[in-house]
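Report on the structure given below.
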Amino acid sequence: MPINTRYFITALLVVILSIPGYAQKYNCDNIPDSLTQNAHAIVRLDSTRIEIRNNEFTKYVTYVITVRSEKGDEFASFAEDYDSYSHFYRLNAVLYDKDGKEIQKKSRSDFNDISTFGISNTFLQDDRYKIFDFQYRTYPYTVKYEYEKKYKSVFFLPTWQAQGDAGIAVEKAVLEVNFPYDNRIRYKCVNFREHDNSYLSKSFTATQECKWVFTNMKAFEYQPYSRTFQLQKPFIQLSVKKISLENYEGTTSTWNGFGKFFYNLNKDKDILSAQSIKQVEALTKDVTDEKKKVEILYKYLQKNTRYVLNSRGILGWQSIAAEKVHESGYGDCKGLSNYMKAMLKATGIKSYQTLVYAGDKLTNVMDVDFPTNSFNHVILCVPLEKDTVWLECTSNVFPAGYLGAFTHDRNVLILTEDGGQIAKTPAYDKSDSYLDRNISLNVDFEKPVQNIIWKSDYAGDMAEDLLNTAANKAQKAFEESVSASAPYKNFKLKTIALEHAVQLKNTPVIKEVAEYEVEHLITETKSRYLLSLPIMSVGLPDIETESVRTAPFIFPSGMKINYNYTIAYPNTVVPENIPKAIVLNYPFGSYVYQPELSGNKITFHIAFLINDGTYDADQYANYLKFYKTAISNTKQITLSFLKK
Amino acid sequence: MKKNNFNAAILFAILFFLCPFISMGQIKPDLDNQTTLIHYLSMKEHPEHPEASAFYIHDIVEQNIGIYFYDTELNIDVALKVFKANDAQEYAKLILPKFSNRTRLVNLKVTTYNLENGVVQTKELNKKALQDAEIGKNQSVQLLNAANLKDGSIIRFQIVIKDAQYIQDFNFQKELPVEYASFELTALKKKKIDIKTSVKMPFKEFRDIDAFNQSSLPSIALIYPQNRHITYKWVRRNISPFIKEAFASEQPLEHVKVNFTVNEVEEFKKVYESSLKNATWDEYNKRLYDTAFSYAFAKSDFLYQHLPPIIGQDTDSFQIAKHLFKYVQDSFATVPQHWANNFQDLIKNKKATAPDLNLLLCALFRHAGLSSDLVYVSTNRKSPLSPDTVQKKDTEIAVRVVINNVSYLCNPAVKDLPFGYLPYRYYNGYARLINKTGGAIMLSPELAKNRSEVEVNISPADTVNNKFKISFRKSFGIYYSIGERAEYKKDALSYKDFYKKILARFYPNLEISNYTLKVDHLDNMDQSFTITAEAEIEMGDNAPMLFLDPFLQKIYNGENPFQKINNRSTEVEMDFCLNLNYIFRFKLNDALTVEELPSKSSLQYSNPATIQYTQNAHYNAPTNTVEIRYNYDIVPVAYLPEEVKDLNAFYTALMKATNQKLLLNKK
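Spelled out as structure tokens, the structure:
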């Protein structure tokens, strides 16, 4: 063959093989079998490279995922936020079929760009999202996203996870971080023991690099109520020693330094004008007890301000001036807690803004050994001589000293002039948070409508929803809200009355008396009447897994609910087949179902108790039995009465 | 002296008790009057709508239009009384567009009033409080949040804007109660204006401005000519909030729409529409056949050549029609405006208006040798076509094709219905054919029928362990299938879970295992979307008698849809003809015997029946099987609001019937 022809054929082959349609890289047949078990999707490549220069950093990401079924679709859609401190420079997406052949290609202009504007209690916010979804549903398929995102401050260094979620296998995940010599990164590798990984460190003249590589991570099933997925799989926390945000600088190698940075960010925002101070002083002029002063000022805050989020730019991290909150009557958690702090300061009481992660306790635990920005909320700590009063300044209903379920019993960071100090918020147990309900019904089989009276005591976090609804809705709208949660179908809420109190540990208590008129509880046959009385569900933790349980299960907080039914019936009937009693007792909780017949009354005592704690996987079978018995047995009370 | 004091006391008592009523019926709430202001600040709830977290004291828009339509001055004065601040946060926000260079925000005042210890406290914000924000891509706005909003506050927005486009639509009705709403427009007399109003109480018209201003009637209108100008003003008082009522198809907000005739197109439209008033249907048919729709009926070599790849090798007329319909339905996007000069352009651009798509389909049918016409329908049950008058408003074009003497109607612009089906709202009576000769056809509501079938079968799986197999199969019918397909595609997991909960209705202590849900015809619109839920079940307790709920498919989920029987304002309209057949079969094992069956039931609403329900149950001893059936039929008629009480009673009886239990004894 002449040389020219050979060269021509070679060149032709090179051209043909480089055509995208012939790329085999993302062919789904190339996925190792071990990665397809239990996997709704497989990450073919998750590559993140972070380059830190001065106080800024750029993130370069390539993310390729193969979706095998509808359960994996959500992981193939793109949603990434940005704001005034970050910006996308490059963004594209590619869709491949099962053979790895490119079907569609999209550029940045094809991505939707949406703001979060419109939520009722936000005002100014600069958060936006880039979102995209091919909405391709022929399985399997592969999508690739590539983007470059620049951040104006190392304050926003992310935590990186090697495996994004349960049901997702990972073929390869890589994190590389390139940082300057004079501002080295700090990192903490968590849960690394079980997985393949390699760590390389190279030195260059001006910069250094760290790299971690993970390969062939199998999908696993998240077992409910175990440690959250994020806390079980390997992740890397990143931070740098020196940070700055706008004109504020600090060091974050200790929690003390981290707290000092935030303290300085908010310093001198707690100043009120002379006139405002006079107004505040007038509120507490005859009061000497400090705790009483706190209560009075807290009530004033609750009555005269409302929550409005303002997180534009630096206001996402810095409190708005107290005087502005005083003038406008609104603020967010930072603004309101700072305003409360300013009012207390005006009466000579010292208090401290406190950073906290608000929400599920299991999801995000403050790492006392590794300072990072893991907070999303601010409360106020008021240390008095005999007591510390914690204030949730965004609530217009909580008693002073009560922190809601979303911030209690966790580590927090108090911001003082000497730096950050770790403390723990109060915990509440079943003696503080419970529901006791007495339900009575005098059955009249001649009438289509039955009257049912509820007398309930809600305490602690059980009372929170009702507190909020009762205070913030007009009466009729409140009644509609209560009706929406009743277990009946064809009914009317006739009356409802509430009485408020505060018990020990400052927890709220509500006594509620409600009367319902309910239809279709009774069906009549030739020889009997059937009463089917629905019971309100209690929300027992559902920890059922598809596979064998291996992880311990955790109940972060306890639960105590008692229902006592009294059903009176006329002499014209005789009850038959009274259900049998059930009593289950385990370390994690107990369930009691106790029917009793006495005179012309049938009573049911139904009690649910969950004990907070961590329980080994070998308790799972017992819990499942406990759960299924409690749930299926407590959907409704069904009684039959023979006609005499 | 005593008598005078007593009379004064009575007068005071009368005034005190009448005050709430005086202020509710007053000419216009005047918040600049201190007494009125304090009265509103003292209110604890709205007298007629105590559920409202706030209400509009007044909602006033006045606009003056000069020579050009951008030569305007707009005055807005809106005041809200807020009972619950946290529930009414949305109303404290003011969002204004970022005006162009021409348009100017001349004045802005946002005032919050509070009553503290009997004294009115005021907080005012002006233009300087506005902050810029971007709410969308290239969408900039100006924002302001009212200060000092608390429970009981009044917020007042006073805005003056110059040289903006005039406001064409004004809603008197909102989602909150409105005490006083007015819309005023002053323009040059020579401008031609088209006005449309929709209100529950007709306006009483005034020409005398003084009489108008002194009237406290709930619904008044003013037409007031002056030298070169004319003023139009509409006032509504005490408007209830908009609440969407069950089974109410058309519920527009009370509103007024104004439209100035601005150019030749508008003029032409008006002339054209007025000419229609005098035309007969035959004349209109000829006009459309000869001109606007002519190319649906003309021969085209292009279309002949275009057919073969669509039809393929099929020779069956019905299949050919389906291929052509699917081709037009799937290949072209429906757009509101698109100018295509001919079918070549239309096909090349892959998009067209709805009428053009129907013309294309009709033309393709005809070129394929099928007999086809266009059909002219009303899409509004409240304004069906009349044989006596040509109507243009609320109409659409569809296609009819006749195969083996059977007519099939379709509209390829509607993407979620199969061949042979039109949207149910088209079936409202008289319709017209558009072809060479014209003519009428009847699209009666009974033709838009949704037939659903549900079949439940339970049989022993394992006699030793008292386990049963259950199968719940539901075929949704053509119209319900549209929504069900969308729900399943949106979230298949929740959808599957929903039907597991349906199975769980059978018995409170039911243990369900090996649950699966299969769907059929998810993408095949020619067939009803069908689901089959299967599982193994066990009655998981030791009760000697089982009270089972055999009605797994409940009408309206077991809830009476007409529980609210007071103050209904709209007619009740069912969407389409519905027929639901339910069969429940339970083959017992040897351990169970029948104690009692649900009783027979037969219910009918009105005569002839527009709603019917029949229910039967029997036990077949030879096969040891319990069989329960019900049939539920409705015809889509409209019921007056007052009939809600009777409908409530009917459905109460129906709920009672389906609330019955199947009682079995354990041997």
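Chains as they are written, first to last, in the numbering used here: chain A, 1 to 644; chain B, 1001 to 1667.
Just so it is clear, CB atoms sit at the ideal spot from N, CA and C, and this is done for glycine as well.
Round the Cβ separation of residue 354/A and residue 384/A to the nearest angstrom and send it over; I've been treating them as touching at under 8 angstroms. Not confirmed; about 15 angstroms, so no contact.
So which residues of chain A does residue 1131/B contact, with C-beta pairs closer than 7 angstroms? 124
Short-range partners of chain B found in the region 458-485 of chain A, where Cβ spacing is below 7 angstroms: 472, 473, 474, 475, 476, 477 and 480
Chain A contacts made by the region 1621-1653 of chain B, where a contact means CB separation under 8 angstroms: 1652
From residue 1635/B to residue 1610/B, what distance separates their C-alpha atoms? In this model, residue 1635/B and residue 1610/B are separated by some 5 angstroms (Cα to Cα).
Any Cβ of chain A within less than 8 angstroms of the Cβ of residue 1086/B? yes
On the three-state DSSP scale, how would you describe residue 472/A? helix
Compare the Cα-Cα distances from residue 1653/B to each of 529/A, 448/A and 453/A and report the closest residue. 448/A
Report the three-state DSSP secondary structure of residue 177/A (helix, strand or coil). strand
Taking the beta carbon of residue 274/A as the centre, do at least 16 other beta carbons fall within 10 Å, making it buried, or is it exposed? exposed
Strictly by DSSP, which residues pair up with residue 578/A? None; residue 578/A has no bridge partner.
Find the residues of chain B that neighbour residue 636/A, judging by a C-beta separation of less than 8 angstroms, and give them in chain order. 1508
Output needed in chain order: residues of the region 513-534 of chain A with a Cβ under 8 angstroms from some Cβ in chain B. 519, 520, 523, 525, 526, 527, 528, 530 and 532
With a cut-off of 8 angstroms on the beta carbons, I'd call residue 1114/B and residue 1053/B a contact; round off their distance for me. About 17 angstroms; that fails the 8 angstroms criterion.
If we count Cβ pairs, one from each stretch, closer than 8 angstroms, do we get three or more for the region 1171-1184 of chain B versus the region 1226-1242 of chain B? In short, these stretches touch, since the Cβ pair count reaches three.
Checking 8 angstroms against the spacing of the C-beta atoms, do residue 1428/B and residue 1378/B come in under that value? Yes, the Cβ-Cβ distance between residue 1428/B and residue 1378/B is below 8 angstroms.
Sequence-distant residues of its chain with Cβ nearer than 6 angstroms to residue 1088/B (five each side left out): 1053, 1054 and 1082
Are at least three pairs of beta-carbons, each pair with one atom in the region 569-584 of chain A and one in the region 625-643 of chain A, less than 8 angstroms apart? yes
Could you give the residue range of the beta strand (DSSP E) that holds residue 411/A? Per DSSP, residue 411/A belongs to the beta strand (DSSP E) from 411-416.
By alpha-carbon positions, which one of 66/A, 148/A and 78/A ends up nearest to residue 138/A? 66/A is the residue among 66/A, 148/A and 78/A whose C-alpha sits nearest the C-alpha of residue 138/A.
With C-beta atoms as the reference, is residue 1112/B less than 8 angstroms away from residue 1148/B? Yes. Within cutoff.
According to DSSP, simplified to helix, strand and coil, what is residue 1234/B? Three-state DSSP puts residue 1234/B in a strand.
Candidates 305/A, 525/A, 249/A and 263/A: closest to residue 1145/B by CA position: Minimum Cα distance to residue 1145/B is reached at 305/A.
Along the region 1048-1063 of chain B, what residues have a CB closer than 7 angstroms to any CB found in chain A? 1050, 1051, 1052 and 1053
Is it the case that the Cβ atoms of residue 64/A and residue 142/A are separated by a distance below 8 angstroms? yes
Coarse secondary structure for residue 1557/B, derived from DSSP in three states: In the structure shown, residue 1557/B sits in a helix (DSSP, three-state: H, G or I).
What is the DSSP secondary structure of residue 497/A, counted as helix, strand or coil? strand
Residues near residue 1640/B in its chain [Cβ-Cβ closer than 7 angstroms; skip 5 each side]: Closer than 7 angstroms at the Cβ level, and outside the excluded window around residue 1640/B, lie 1571.
Which chain A residues sit within Cβ distance under 9 angstroms of residue 1134/B? Ordered by position in chain A, the residues that pass the 9 angstroms Cβ test against residue 1134/B are 115, 117, 126 and 128.
Three-state class that DSSP yields for residue 62/A in the structure shown: Three-state result, residue 62/A: strand.
Quick check on residue 491/A: does DSSP put it in helix, strand or coil? Residue 491/A falls in the strand class under three-state DSSP.
Residues in its own chain within less than 7 angstroms of residue 1351/B by CB, not counting five upstream and five downstream? 1332, 1333, 1335 and 1338
Can you look up residue 1452/B in the DSSP assignment and give me helix, strand or coil? strand
For residue 1630/B, which residues of its own chain have a beta-carbon under 6 angstroms away from its beta-carbon, when the five flanking residues on both sides are left out? 1582 and 1615
Let me confirm a value: residue 593/A is counted as buried when at least 16 other C-beta atoms fall within 10 Å, else exposed. Which label applies? Taking all protein chains shown into account, residue 593/A has 16 or more neighbouring C-beta atoms within 10 Å of its C-beta and is therefore buried.
With 16 other CB atoms within 10 Å as the buried threshold, where does residue 394/A fall? buried
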